[in-house]
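To keep things clear, I will list the structure first and then write my remarks on it.
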Amino acid sequence: MIAWHAAHRRLAAGFLAVALVSLLSGVVASPSAAAVPGTVAVPGAVAVPVPQWEPGLRAYFVLTEPGDVSPAIGAVRANGGSVFAAYPAIGVVVAHATGADFAGIVRKAPGVEQAGATRTSDIPKQAYQPVVPPRPPQHTPMGPERPRWNLTQIGADKSLPVASGSRDVVVGVLDTGIDGEHAELDDAFDESKSASCAYGSLDRRDGVWRDTNSHGTHVAGTIAAAKDGVGVLGVAPGVTVASVRVAEEPSGLFFPENAVCAFMFAAQQGFDVTNNSYYIDPWQYLCPDDPDQAAILEGVRRAVRHAERKGMLHVAAAGNSDYDLANKTTDSSSPNDSKPIANRPLSADCIDLPTELPGVVTVSATGMETRKASYSNYGTDKIDITAPGGDPGKQDEGVLSTVPGGRYGFKAGTSMAAPHVSGVAALLVSAHPEWTPTDLRRRLLGQARDIDCPDDDRCAGDAARNSFYGEGVVNAAAAAGVGR
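With this note's numbering, the residue at position 438 of the sequence shown is 447, and numbering never jumps.
Shown next, in the form of structure tokens:
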């Protein structure tokens with residue numbers, strides 16, 4: 010059965026005690042991360058008490074000049090808040106506090122550049138009592154492997170006999186988690202590079218990276234399902250995948266502090282590629298004229314840029330609303346953690362995170378006939394490349410991949426398109442480990458197979474680049490050096 014529902018539309022927008030300081034990443038982790046009770050150690054600041062959950066807590070970003078978060082720590086404490094996580098390298102502090110005026114007061118503190126609420130709902134108690142997702146019972150993989158339309162569409166039927174990628178290349182799946190014990194993924198999955206960033210704190214306990222939905226395991230299978238003659242086959246079955254769980258339970262939402270934690274952890278681990286098949290909740294589009302949303306925009310932008318500077322390429326789904334990202338007008342879906350605002354006006358400055366950030370490869374979706382899928386977002390100079398996402402109408406027209414418990418399932422969405430691009434990017438990194446993210450992006454787009462605009466008056470451009478397909482369909486065959 011094809012997974013297609015409101016939550017999937019959001020997932021693929023486009024469809025995370027005490028802390029110790031990591032000098033490599035600049036991360037100060039949260040209560041679940043360390044073992045010394047009572048304080049959080051922050052460079053350049055005095056120790057602060059570990060926060061405790063209470064009803065009515067809200068989460069905030071407090072931003073300072075990168076390198077010194079002590080002004081933010083001081084402002085948070087002086088106004089009755091607590092520090093939940095801090096990232097000195099990018100000048101971002103995650104604070105928890107009660108009271109409607111907290112952000113407005115903290116914004117005026119010396120050394121604070123921006124401050125804003127990251128959600129419009131209370132922090133769930135699970136943030137302070139995170140549980141390890143259960144291990145799903147494993148079933149026998151289905152077999153034998155069947156040729157799939159999605160692999161043929163991107164030329165993987167030509168690339169797979171000659172190139173499967175290197176285990177030294179790591180694709181970080183920032184998602185709902187991965188079932189790393191699935192028979193199709195256990196060789197590719199690296200538990201040591203996996204973690205949870207749900208609720209906005211880094212958690213390295215065993216198993217916290219497990220899938221809480223099925224979405225992340227499906228994405229991981231498209232990238233790296235084993236070339237073993239059974240079940241399904243990934244675009245780059247020889248590469249490594251790691252799980253960074255970003256989605257919370259029970260809401261299933263991907264909040265800004267979770268995403269910042271995930272990108273900073275990715276930077277620490279040295280991933281080569283990240284796959285981002287979601288948008289950052291609770292605002293589908295964030296507008297800089299709102300001080301809360303402006304703080305989210307800047308905090309996430311800093312984390313994404315930090316990870317890119319560490320050498321990784323970010324790939325993201327364009328969204329499932331059949332929306333022209335180049336001509337935004339209104340949004341009635343946000344905030345999605347409380348009561349959405351009807352017909353909220355948008356401007357060109359309002360953007361979808363992370364897919365519209367500079368340097369991120371934005372992926373639209375095609376169906377079996379290599380035409381824009383009905384749901385896929387589009388937009389002139391917004392879409393970089395396209396890939397198979399499937400159609401939700403018929404089972405065989407979705408993308409078949411792995412789901413937890415050794416099982417398989419069909420899903421459709423730009424969430425399913427993005428990992429095809431991440432897999433091809435991993436093939437390029439395998440062949441050219443010296444390439445920078447800019448080099449990889451240039452080659453991905455340059456090798457894409459051109460597609461003309463269909464007979465649709467919304468599609469602007471030509472075969473070289475247009476609003477539906479960007480530079481064209483991602484090309485695994487060209488990445489493997491076996492043609493275009």
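Glycine included, every Cβ here is placed at the ideal spot set by N, Cα and C.
Remember, predicted model here, so these are calculated numbers, not experimental data.
- Simplified DSSP state of TYR208, which is helix, strand or coil: Here residue 208 refers to the residue found at position 199 of the sequence shown. Here TYR208 carries a helix assignment [DSSP, helix/strand/coil].
- Item | Which of helix, strand or coil DSSP assigns to VAL102 | Indexing the sequence shown from 1 puts residue 102 at position 93. DSSP places VAL102 in strand when its eight states are reduced to three.
- Message: Assuming contact is defined by CB atoms lying nearer than 9 Å, are LYS420 and VAL433 in contact in what I supplied?
- Response: Counting from one through the sequence shown, the residue named residue 420 turns up at place 411. Counting from one through the sequence shown, the residue named residue 433 turns up at place 424. No, the pair does not count as a contact, with Cβ atoms beyond the cut-off.
- Item | Three-state secondary structure assigned by DSSP to GLN123 | Position 114 of the sequence shown holds residue 123. The DSSP-derived three-state label of GLN123 is strand.
- Message: Does HIS323 come out as helix, strand or coil in the three-state DSSP assignment?
- Response: Here the question's residue 323 lines up with position 314 in the sequence shown. In this structure, HIS323 counts as strand in the three-state DSSP scheme.
- According to DSSP, what are the bridge partners of GLY418? Counting from one through the sequence shown, the residue named residue 418 turns up at place 409. According to DSSP, GLY418 shares a beta bridge with SER410.
- Item | Which of helix, strand or coil DSSP assigns to THR423 | Indexing the sequence shown from 1 puts residue 423 at position 414. The answer is helix: DSSP assigns THR423 an H, G or I state.
- Task: Starting from ASP301, follow the alpha helix (DSSP H) in both directions and report where the run begins and ends.
- Result: Counting from one through the sequence shown, the residue named residue 301 turns up at place 292. In this chain, the alpha helix (DSSP H) harbouring ASP301 covers 300–318.
- Rounded Cβ spacing between VAL78 and GLY100 (contact assumed at less than 8 Å): In the sequence shown, the residue the question calls residue 78 occupies position 69. In the sequence shown, the residue the question calls residue 100 occupies position 91. Sure, about 6 Å apart at Cβ, within 8 Å.
- Task: Spell out a yes or no on whether the region 335–343 and the region 149–160 are touching, meaning 3 or more CB-CB pairs, one atom from each, closer than 8 Å.
- Result: Touching, no, given that fewer than three Cβ pairs across the two stretches are closer than 8 Å.
- Query: Do ASP184 and VAL530 come within 9 Å of each other at the CB atom, strictly closer than that value?
  - Reply: In the structure displayed, the chain extends from 10 to 493; residue 530 sits before or after that span and is not available.
- Task: Report yes if the C-beta distance between SER205 and ASP212 is below 9 Å; otherwise report no.
- Result: Stepping through the sequence shown from its first residue, residue 205 is reached at position 196. Stepping through the sequence shown from its first residue, residue 212 is reached at position 203. Contact flag set, yes.
- With DSSP collapsed to three states, give me the class of ALA136. If you number the sequence shown from 1, residue 136 lands on position 127. The answer is helix: DSSP assigns ALA136 an H, G or I state.
- Measuring CB to CB, does SER168 end up less than 9 Å from ALA488? In the sequence shown, the residue the question calls residue 168 occupies position 159. In the sequence shown, the residue the question calls residue 488 occupies position 479. Their beta carbons are under 9 Å apart, which means SER168 touches ALA488 by this criterion.
- Query: When we look at the beta-carbon of VAL282 and count the other beta-carbons within 10 Å, is it buried (16 or more) or exposed?
  - Reply: Counting from one through the sequence shown, the residue named residue 282 turns up at place 273. Result: buried.
- Closer than 7 Å by C-beta to THR129: which residues in its own chain qualify, once you throw out the five before and the five after it? Chain order, please. On the sequence shown, residue 129 is found 120 positions in, with the first residue counted as 1. Contacts found: PRO291, PRO344, ASP346 and SER347.
- Own chain residues within Cβ distance below 6 Å of GLY388, not counting five before or after: Position 379 of the sequence shown, counted from the start, is the residue given in the question as residue 388. Within the same chain, GLY388 has close Cβ partners ASP333, LEU334, ALA335 and SER476.
- Message: Pairs of beta-carbons, one from the region 386–404 and one from the region 139–152, closer than 8 Å: are there three or more?
- Response: Per the Cβ contact rule, the region 386–404 is not in contact with the region 139–152 (fewer than 3 Cβ pairs under 8 Å).
- Message: Between which two residues does the alpha helix (DSSP H) holding GLY225 run?
- Response: In the sequence shown, residue 225 corresponds to position 216, counting from 1. In the DSSP assignment, GLY225 falls within the alpha helix (DSSP H) that extends over 224–233.
- Query: Hey, ALA440 and GLY490: beta-carbon distance below 9 Å or not?
  - Reply: Here residue 440 corresponds to residue number 431 of the sequence shown, with the count starting at 1. Here residue 490 corresponds to residue number 481 of the sequence shown, with the count starting at 1. Less than 9 Å divides the Cβ of ALA440 from the Cβ of GLY490.
- Item | Status (buried if at least 16 other CB within 10 Å, exposed otherwise) for LYS381 | Start at 1 with the first residue of the sequence shown, and residue 381 comes out as number 372. It counts as buried.
- Query: Hey, is the region 243–253 in contact with the region 448–458, meaning 3+ C-beta pairs nearer than 8 Å?
  - Reply: Touching, no, given that fewer than three Cβ pairs across the two stretches are closer than 8 Å.
- 8 Å Cβ shell around ALA351 - same chain, five flanking residues per side excluded: Here the question's residue 351 lines up with position 342 in the sequence shown. If we look at ALA351 and ignore the five residues flanking it on each side, its Cβ neighbours are SER341.
- Message: Which residue marks the beginning of the beta strand (DSSP E) containing GLY181, and which one marks its end?
- Response: Working through the sequence shown from its first residue, we reach residue 181 at position 172. According to the DSSP assignment, GLY181 belongs to the beta strand (DSSP E) that extends over 179–184.
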